[in-house]
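The numbering of the sequence shown is the working numbering, which starts it at 368 and goes up by one.
Note that the Cβ used here is the ideal one computed from N, Cα and C, for glycine as well.
Since this is a predicted model, take the numbers as computed values, not measurements.
Shown next, in structure tokens, is the structure this report addresses.
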Amino acid sequence: MTKMQGMFETALANPWDTLRSILDEPLHPGGREATENLLDRAAVTAGTQVADIGCGAGGSLSAARDRGADVVGIDHAPDGKDVVQGDMRHLPFADDSIEVVLAECVMCLTEQRETAIRETARIVEPDGYLALSDVTVEGQLPNLPAPITNGLCLETSQSRQKTIETIEATGYDVIDVQDHRDDILTMQEKLQNSVDYEQILGLLGERGQRLLDGIHEAEAAVTDNRIGYISVVAQRSD
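See below:
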């Protein structure tokens with residue numbers, strides 16, 4: 368029992384590494400295929416200068432690098448090739464210096480989303496692109512336990528419409544929006560098939576039951592599309 372509790376606490380302390388042990392990189396709905404699609408829509412080819420904001424373990428960097436792009440990743444804890452330390456609200460690049468900014472499932476991590484997106488517009492060259500994907504939340508979500516809210520990046524997520532409006536308010540013209548409902552449902556199914564929540568959380572008493580109830584509530588919100596995932600390609604408008 369003590370060993371199981373220890374494993375569970377470790378998983379809650381670092382949900383991203385836990386998910387990484389189950390899912391393929393890049394760690395978001397649709398994985399590498401969704402990243403490749405987003406890079407295609409932003410016209411990323413050999414020689415394109417790409418900055419990947421919040422690049423994490425570097426899965427998307429690898430996808431861009433494999434097509435010959437000139438890539439650099441920015442992360443608060445840089446690790447790996449072509450990655451520098453930085454804050455999405457204060458990017459370490461000159462004005463008008465990047466052709467494409469890639470921001471996958473990262474803007475939902477900051478309460479200063481508009482500041483962060485405006486900062487990408489500063490570094491993107493005229494007519495350059497923002498290629499963004501993010502969690503969306505429609506309407507009122509149930510009161511979920513903090514580990515679930517944090518793990519799903521729900522605390523500062525916006526609706527689909529608000530996400531588009533925020534991008535347009537920061538110096539971009541939105542030219543393409545795609546819904547990834549099938550991808551997020553597939554991701555949910557893979558997690559359900561890989562982790563026996565009932566057994567694990569059933570050993571943790573009342574706390575485990577609260578978390579299990581929260582997981583079921585979150586799953587229901589994904590199923591009825593209150594929690595979603597979209598990708599957006601926008602072009603700098605000034």
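Here R603 is buried: its Cβ has 16 or more other Cβ atoms, across all protein chains shown, within 10 Å. In the three-state DSSP reduction, R399 falls in the helix class (H, G or I).
Taking L497 as reference, the option from A588, A424, R432 and M474 with the minimal CA-CA separation is M474. When the five nearest sequence neighbours on each side are left out, the beta carbons in the same chain lying within less than 6 angstroms of the beta carbon of S598 are those of L405, S500 and Q545, in order along the chain. Secondary structure of T523 (DSSP, three-state): coil. Per DSSP, T516 is one residue of the alpha helix (DSSP H) stretching across A513 to G518.
Cβ-Cβ distances below 7 angstroms link R593 to V504, E505, G506 and L508 in the same chain, with the five nearest sequence neighbours on each side left out; the list follows chain order.
Burial state of G440 is buried, judged by a 10 Å Cβ sphere holding 16 or more other Cβ atoms. Per DSSP, D549 lies in no beta strand (DSSP E) segment; the continuous alpha helix (DSSP H) that holds it begins and ends at R548 to S561. With respect to E466, V417 sits close: the two C-beta atoms are nearer than 9 angstroms.
Of the residues assessed, D463 falls on the exposed side of the cut-off, its CB having fewer than 16 other CB atoms within 10 angstroms. Around the C-beta of E471, 16 or more other C-beta atoms lie within 10 Å, and the residue is accordingly described as buried. Across the set G425, D433, A513 and P493, the C-alpha of A513 shows the shortest separation from the C-alpha of R574. The shortest CA-to-CA distance from A410 to any of A436, K557, A424 and G426 is the one to A436. In the DSSP assignment, S464 falls outside any alpha helix (DSSP H) and carries neither an H nor an E. Taken atom to atom, the span from the alpha-carbon of M554 to that of R456 is near 29 angstroms. For E492, the enclosing beta strand (DSSP E) covers residues V491 to V504.
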